[in-house]
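Heads up: the protein sequence lines correspond to chains A and B, in order. Mapped onto this note's numbering, the consecutive letters of the first sequence carry residue numbers 1257 to 1682. Mapped onto this note's numbering, the consecutive letters of the second sequence carry residue numbers 0 to 574. A virtual CB, placed ideally from N, CA and C, is assigned to each residue, including glycine. The structure displayed is predicted, hence computed values, not measured ones.
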Amino acid sequence: MNPGFQPWRQLLKQRAEVPEQPLPRRHRPDYWLAIIVISLLVIGLVVIYSIGTALGLANNVSSNYYIDRQMLAIGLSAIAFAIASSIPLEWWRRYYKLLLAAGALATLMAVLMPVNPQYPAHRWVRLGSLSFQSVELVTFAVVIWLAKFLADRMRKNQLSDTRKTLWPLIAALVILGVAIAGVQSDLGSIGVILAVMSVMIFVAGMPLKKIVMVTLLILVVGGLAISTTPYRRERLATFLHPTSNCLGNGYQSCQALIAVGSGGAVGLGLGRSVQAYGYLPESANDSIFAIYSEKFGFIGDLVLLGLFAALFTRIKKIAMQAPNNFTRLLAIGILAWLSTQALINIGAMIGLLPLKGITLPLISYGGTSILFIMLAIGILFQISRYTSYVALNRDLGGRQKEGNNDNHSDRRRLGRAYNTSPGGRS
Amino acid sequence: MLYLALMAVMAVFALRLFYVQIIRYGYYHAQALSDQQKEYEIPATRGIIEAHLGNSIVPIVLNQELYTLYADPTLIKDPAQDASNIAKVIGGSANTYKQLLLTKGTRYVILARQLTKSQSSQILGFKYPGIGTQGQDYRTYPDGSLASQTLGFVNASGQGEYGLEQALNTELSGTPGKLKAITDANGVPLAAVPGNIDRAPIPGDNIVTTLNMGIQAQMEQILQAEYKKTNSQGLSAIIMNPDNGQIDAMANYPTYNPANYSAVTNPMLFQNAAVDDPIEPGSTMKTLTTSAALNMGAIQPNESFYDPAHWVIDGFNITDIKQDGGARVQNIASILALSLNTGATWMLMQMSNPGGTTINGKGITAWHNYMVNHFRLGQLTGIQQGYESPGYVPPANLADPSIDLRYANTAFGQGVQITALQLATALSSVLNGGTYYQPTLVDETIKPDGTVVKFQPKVLERNVVKPNIGQELIPLMQNVVLAYLHGGFYFMNFPSNYLVGGKTGTAQVARPTGGYYSNIFNGTYIGFVGQKTPQYVIIVYNIKPNVPGYAGSLGGQPVFADLAHMLINEGYVTH
């Protein structure tokens, strides 16, 4: 096994058998996390504001329509963040069923609702002028549930138990797959959920053999899904030859690349985006990275990628120093969620991945996405109040006393200097 | 490891961005421009056309902005509703519009044309995505079909066709403006970006024609009436000023309505036959033969000669259509009054050899020179009309064994092809003392800045004949009018204080297979009216009239009489 991913798995495993320790003393949260998140939100707002005229023209609304709604969404998200960052972390573990139920209900409503002719998919719950994308709630709920589920299995040392662990996970996959990929036809979102689940399960320490088995199964099912749905086949073909069909299915890919490329080194300037004026579809949502690139160029893109890298690094640090397995898995789940979305979105815009209809976290226009991401960031913020090297070391000490023949990581830890203080490596 | 993988992917993204944005910048920049930058031609307003009416100048061709309703089917959200509301505003079938809105594979379909401004703004008021209107100037004609063949029309792509519109297309259309700009996906220019070009169009010139709408209107009524009365296949007439070449009226019947040109099924109706349809004019040509012979000194105005009633030329008999004389002494006046073909042939003999009765190369060459260089037959007059025809004068090829017969025929207007305008202009040049003015329809050109350019008469030939030849020809032609009056053509009775002269022509019609029809004739008439001098030259071509007698006398002459009476009665004859 590649030693590179040992630190996280090892940390979790070491503490798997011991009862949860009480949380360490509450301390100053990670304000860097907040600063990076606010920077990203501001960038998103600036881009959406600057293409307001183009969006208004294209959709027959006032040029303030999008920026107003985005500000409203961010206002609501700030409240969500405030709540999530102040309520006890235990509550999430205790009330995860409520979230799952809400996610199921929202999905059901979205499926039953009449569709909007512009977006003919059963993905939105619409109440007047407000619309709510059910899958965002589902993703959030799945992360919470999985963190709790895996932490429980680890505590009971049942991670390798096929009946107790593997079957519930496969059942969850089937339900999510049918509802989201099948009924809602949202292959992008199911991809994100799959990535999140895989990362969390892998990090929790499930034997790799089982993960590979399940992954193969998913690949087969996914391959079937792609090959049987004509528009997905076309999308795949388009992905393989993005510029071969610029007037047909490749239109958005081609226009996105043109937007990115024509930005050049320093961009056209804030008010100078042309591609937003009807050339590039979804220029406020899925394609916002391309518009940003057109405006700010390579330099701007480096700044944005840097901000995302910084965000992911902060979250990783929080995960490494999280006080217990639940919060650690939660942080890792959130990291997987945000990073997968960012990679899929940007990758599609620069012609490296197929278009999947995935938004760019914190930047893209869209209230539901921002709301749940900010809820998750609030949780991370709260976790960051309880991070500790001491807790980590104390846990390790406890496990050593009890002794465990199965624990290969002990030998590794003793034999390999860099594993002695994994938290310090972040 | 996962974290490292994540960072590695982000590094790959950064590298990819470096490739796309830095290395391949030129390519994508060019791609963007080819999509975003559009060049537009901004059409210039076409000049209007005006004409004289009494002492004022009135428009006869105007512009009206009408709107084309188009749609981008890919942007249509609710075809059924859009179509039904469009039908409510502009009429038509909602289902037709709906089918158009559902057209696949195009981003531009035209739903309707020629909407009014209010219809256009009503539909734009719906704010349907993907539906728009485009203004376009259309020609309107306050006087309906008046002078239509002389004016021509403007086709759907803005080009003048036929008549003045074609001949003066450049002047009328002006210079289109140019707009080169970065636009949105619908082609609407975005705010000024460096490199945008915005050049305003320069409107076309306004043209004031020489046409006198009063004369023109009455002439068209006369043509219509005579067309029916003589049961002919087509009737053309011109009234022109012999002293400067200006056309006062020019019309043909049947005609068409230029506002509705697209409904015309027979394109022959578009033609201004008076300038683009040459025929063998018949005996009206004798006015020119006489003028040439007089000018050469080959004959004298009061000269007599023995007419044998037929000549044998190259083995063919030349006789007179009018068989009432028989062999006897005739004179120049009777050649014209009785329209003697033998007399016209005799004039050519005098050009060849004074006093003789044969045709030779000298006479043929001289007569050819007069037809082509003095009277400018066989070449374009250069009037501002589309599709003018040069007509045809047979070459003076002396090696041709039947050249004598060929040229004898031309002396009385057979075997040559001459348009009504060519004949009228040639006679004008004789009557005015020998100056060939280029015939013109343009009196003034008004530039976009308001400058008025008055049209100056253009002299194409200064010495057509000597100044006195016109004075000699006038009484000869007056005599023709009197002869017909005394012969029972009472409509040829004009007030004695007016100067009216003329000449009939009954022209044989060539068979396409060779030779001439024995029972089909064209009736032509050329004449003048004035007080002291000829103020108007009038020419009439009546194509294949169905009349009980000579086509010239009964098909051409009555039309001339109506026109001359009209000019006199309406007070147009002033000097």
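For residue i, is the classification buried or exposed, using 16 other Cβ atoms within 10 angstroms of its Cβ as the cut-off for buried?
i                      : result
residue 264 (chain B)  : exposed
residue 64 (chain B)   : exposed
residue 186 (chain B)  : exposed
residue 345 (chain B)  : buried
residue 1324 (chain A) : exposed
residue 125 (chain B)  : exposed
residue 109 (chain B)  : exposed
residue 1298 (chain A) : exposed
residue 1383 (chain A) : exposed
residue 402 (chain B)  : buried
residue 70 (chain B)   : buried
residue 207 (chain B)  : buried
residue 1657 (chain A) : Reliability fails at residue 1657 (chain A), whose pLDDT of 33 lies under 50, so the model's placement of it is uncertain and the value that follows must be treated cautiously. Exposed: under 16 other Cβ atoms inside 10 Å.
residue 1351 (chain A) : exposed
Please classify residue i: does DSSP put it in a helix, a strand, or coil?
i                      : result
residue 178 (chain B)  : strand
residue 1529 (chain A) : coil
residue 1286 (chain A) : coil
residue 574 (chain B)  : coil
residue 533 (chain B)  : strand
residue 1321 (chain A) : helix
residue 111 (chain B)  : strand
residue 133 (chain B)  : strand
residue 482 (chain B)  : helix
residue 164 (chain B)  : helix
residue 542 (chain B)  : strand
residue 1584 (chain A) : helix
residue 273 (chain B)  : helix
residue 199 (chain B)  : coil
residue 155 (chain B)  : coil
residue 558 (chain B)  : helix
residue 243 (chain B)  : coil
residue 527 (chain B)  : strand
residue 1541 (chain A) : coil
residue 1330 (chain A) : helix
residue 214 (chain B)  : helix
residue 567 (chain B)  : helix
If residue i sits next to residue j, beta carbons under 8 angstroms apart, how far is it from one beta carbon to the other, in whole angstroms?
i                      : j                      : result
residue 146 (chain B)  : residue 215 (chain B)  : 5 angstroms
residue 353 (chain B)  : residue 297 (chain B)  : 6 angstroms
residue 89 (chain B)   : residue 114 (chain B)  : 6 angstroms
residue 341 (chain B)  : residue 310 (chain B)  : 6 angstroms
residue 1444 (chain A) : residue 1622 (chain A) : Contact flag wrong, Cβ pair sits at about 13 angstroms.
residue 103 (chain B)  : residue 78 (chain B)   : With a Cβ gap of about 12 angstroms, residue 103 (chain B) and residue 78 (chain B) do not count as contacting.
residue 1442 (chain A) : residue 1528 (chain A) : Wrong, their Cβ atoms sit about 34 angstroms apart, outside the cutoff.
residue 1391 (chain A) : residue 1436 (chain A) : 6 angstroms
residue 1582 (chain A) : residue 1404 (chain A) : 6 angstroms
### Query
Can you list, in chain order, the stretches of the alpha helix (DSSP H) that have 4 or more residues and sit fully within the segment 1423-1496 of chain A?
Counting only runs of 4 or more, we get 1423-1432, 1443-1460, 1464-1484 and 1486-1496.
### Query
Considering only residues of the segment 1-73 of chain B, which uninterrupted beta strand (DSSP E) runs meet the minimum length of 3 residues and lie entirely inside it, listed in chain order?
Qualifying beta strand (DSSP E) stretches, in chain order: 36-41, 48-52 and 55-70.
### Query
Which runs of the alpha helix (DSSP H) fall wholly inside the segment 381-446 of chain B and span at least 4 residues, in chain order?
Counting only unbroken stretches of 4 or more residues, the alpha helix (DSSP H) elements lying wholly within the segment 381-446 of chain B are 402-410 and 419-430, in sequence order.
### Query
For the segment 1584-1601 of chain A against the segment 18-36 of chain B, are there 3 or more C-beta pairs whose distance is under 8 angstroms?
Under the 8 angstroms Cβ criterion, the segment 1584-1601 of chain A does not count as touching the segment 18-36 of chain B, having fewer than three qualifying pairs.
### Query
Using 8 angstroms as the threshold, is the segment 400-410 of chain B in touch with the segment 11-28 of chain B, meaning 3 or more CB pairs across them?
At 8 angstroms Cβ cutoff, the stretches do not touch.
### Task
May I ask you to verify whether the segment 200-211 of chain B touches the segment 414-428 of chain B, counting CB pairs closer than 8 angstroms and requiring at least 3?
Not touching, per the Cβ criterion.
### Task
For the segment 1341-1421 of chain A, list the beta strand (DSSP E) runs that are entirely contained and at least 3 residues long, ordered along the chain.
As far as the segment 1341-1421 of chain A is concerned, its whole beta strand (DSSP E) runs of at least 3 residues are 1380-1383 and 1386-1389.
### Query
How about the segment 434-448 of chain B and the segment 536-555 of chain B: do they share at least three Cβ pairs that are nearer than 8 angstroms?
These segments do not touch.
### Segment contact flag, the segment 1636-1643 of chain A with the segment 1537-1552 of chain A, C-beta cutoff 8 angstroms, min 3 pairs
At 8 angstroms Cβ cutoff, the stretches do not touch.
### Task
Assess, as a yes-or-no matter, whether the segment 1454-1473 of chain A is touched by the segment 1599-1618 of chain A under the definition of 3 or more beta carbon pairs within less than 8 angstroms.
Using a Cβ-Cβ distance cut-off of 8 angstroms, the segment 1599-1618 of chain A and the segment 1454-1473 of chain A are not in contact, since fewer than three pairs of beta carbons, one from each stretch, lie closer than that value.
### Message
I'd like to know if the segment 555-566 of chain B and the segment 535-543 of chain B are in contact, where contact means that at least 3 CB-CB pairs between them fall below 8 angstroms.
### Response
Taking 8 angstroms as the limit for Cβ pairs, the verdict is that the segment 535-543 of chain B does touch the segment 555-566 of chain B.
### Message
Quick check on the DSSP output: what are the complete alpha helix (DSSP H) runs of length 4 or more inside the segment 289-377 of chain B, in order along the chain?
### Response
Every alpha helix (DSSP H) stretch that sits fully inside the segment 289-377 of chain B and reaches 4 residues is listed by chain position as 331-336, 340-351 and 360-368.
#### Entry: Touch test, the segment 1334-1348 of chain A against the segment 1360-1372 of chain A, Cβ-Cβ under 8 angstroms, three pairs minimum
The answer is no - the segment 1360-1372 of chain A does not touch the segment 1334-1348 of chain A, with fewer than three Cβ pairs under 8 angstroms.
### Message
Which complete alpha helix (DSSP H) runs does the segment 460-521 of chain B hold, if anything under 4 residues is left out?
### Response
For the segment 460-521 of chain B, whole alpha helix (DSSP H) runs of length 4 or above, ordered along the chain, are 466-485.
### Query
Does the pairing of the segment 386-400 of chain B with the segment 270-287 of chain B give three or more beta-carbon distances under 8 angstroms?
Result yes; three or more Cβ-Cβ pairs closer than 8 angstroms.
### Task
Specify whether the segment 2-9 of chain B and the segment 1553-1570 of chain A touch according to this definition: at least 3 beta carbon pairs, one from each stretch, less than 8 angstroms apart.
By the Cβ test, the segment 2-9 of chain B is in contact with the segment 1553-1570 of chain A, since at least three Cβ pairs between them sit closer than 8 angstroms.
### Query
Is the number of C-beta pairs between the segment 456-469 of chain B and the segment 494-505 of chain B that are closer than 8 angstroms three or more?
Under the three-pair Cβ rule at 8 angstroms, the segment 456-469 of chain B does not count as touching the segment 494-505 of chain B.
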